[in-house]
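Q:
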Amino acid sequence: MVDQEKIKDAVKLLLQGIGEDVKREGLAETPERIARMYGELCGGMEEDVSEILSKTFKTENAEMVLEKDIVFYSMCEHHMLPFFGKVHIAYIPDGKIVGLSKLARCVEVYAKRLQVQERMTEQIAEAVMEHLSPKGVMVLSEAEHMCMAMRGIKKPGSKTVTCAVKGGFRENELLQQNFFRMLRI
């Protein structure tokens with residue numbers, strides 16, 4: 076899906092637009108580097124989360140499973156600047172579980188797209204609900220946005236926190252409290 080040639084052409088135009096010489100030694104290969112970088116950073120557009128979450132295992136366990144501190148890097152769709160942070164995913168199995176690395180891979184699929192944090196958090200929760208059919212899911216994302224740190228209001232270090240709550244977590248305040256308690260461990 077990533078068209079390397081279009082990206083190269085766009086980068087050349089951007090460099091010219093800011094007054095740079097695209098033939099200058101330090102910039103001569105920049106369009107190719109940027110094209111490869113966007114292929115990597117936006118590779119999630121080509122990935123299908125259903126393949127990642129399809130391999131499940133039977134379980135009798137019905138207690139909360141929490142995978143926390145999943146580091147991610149994404150690109151804001153509004154300014155095309157990075158935002159990065161951590162995602163925490165909890166779910167209550169209903170007969171099946173997934174390998175823990177698969178939750179981190181799920182985060183990667185959605186993070187490697189031009190994105191907004193609110194949507195990414197919701198997409199992760201929806202994917203876990205759809206493919207694992209758990210009794211409930213709770214996803215919390217916390218991130219620093221370079222569009223707020225480098226430009227505009229210029230407030231580095233500020234974090235945005237988003238949460239998606241599904242199924243049994245939505246209906247049970249005790250489960251939500253347990254989720255937040257486990258995050259502090």
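The letter at position 84 of the sequence shown is residue 159 when you use the numbering used here, and the numbering goes up by one with no holes.
Even for Gly, the Cβ is constructed at its ideal location relative to N, Cα and C.
Taking the alpha helix (DSSP H) that alanine 186 belongs to, which residues open and close that run?
A: Counting along the chain, the alpha helix (DSSP H) containing alanine 186 begins and ends at 175 to 186.
Q: Between His153, Val214 and His154, which lies nearest to leucine 258 when the distance is taken from Cα to Cα?
A: The residue with the shortest Cα to Cα distance from leucine 258 is Val214.
Q: Assuming valine 184 and glycine 119 are in contact, meaning their beta carbons sit under 8 angstroms apart, how far apart are those beta carbons, in whole angstroms?
A: Confirmed, about 5 angstroms.
Q: Write down every uninterrupted run of the alpha helix (DSSP H) in the segment 200 to 228 whose length is 4 residues or greater and which is fully enclosed by it, in chain order.
A: As far as the segment 200 to 228 is concerned, its whole alpha helix (DSSP H) runs of at least 4 residues are 221 to 224.
Q: Please report the distance separating the alpha-carbon of cysteine 238 from that of serine 208.
A: Rounded to whole angstroms, cysteine 238 to serine 208 spans 19 angstroms at the Cα level.
Q: Would cysteine 151 and valine 191 qualify as a contact pair, given that the criterion is a beta-carbon distance under 8 angstroms?
A: Yes; because the gap between Cβ atoms is below 8 angstroms, this pair is in contact.
Q: Find out if the Cβ-Cβ distance for the pair leucine 250, glycine 243 is shorter than 8 angstroms.
A: Cβ distance < 8 angstroms, so leucine 250 and glycine 243 count as in contact.
Q: With distances taken between CB atoms, is the gap from glycine 160 to lysine 210 smaller than 8 angstroms?
A: Against a cut-off of 8 angstroms, the Cβ pair of lysine 210 and glycine 160 comes out as no contact.
Q: On a CA-only basis, which of Lys81, Ile228, Arg99 and Leu128 is nearest isoleucine 199? Give me that one, please.
A: Looking at the Cα atoms, Leu128 is the closest of the given residues.
Q: In three-state DSSP terms, what is valine 191?
A: Three-state result, valine 191: coil.
Q: On the CB-based measure, 16 or more other CB atoms within 10 Å of its CB, does methionine 223 come out buried or exposed?
A: Methionine 223 is buried by the Cβ-count criterion.
Q: Beta-carbon within less than 7 angstroms of phenylalanine 158's beta-carbon, same chain only, minus the 5 sequence neighbours each way: which residues are those?
A: Once the five neighbours on either side are set aside, the close Cβ partners of phenylalanine 158 are Ser149, Cys151, Gln192, Ala218, Glu219, His220 and Met221.
Q: Quick one, which of Asp123, Pro168 and Val146 has its alpha-carbon nearest threonine 134's?
A: The option with the nearest alpha carbon to threonine 134 is Pro168.
Q: Count the other CB atoms within 10 Å of the CB of methionine 155; is the residue buried (16 or more) or exposed (fewer)?
A: With fewer than 16 Cβ atoms within 10 Å of its Cβ, methionine 155 is classed as exposed.
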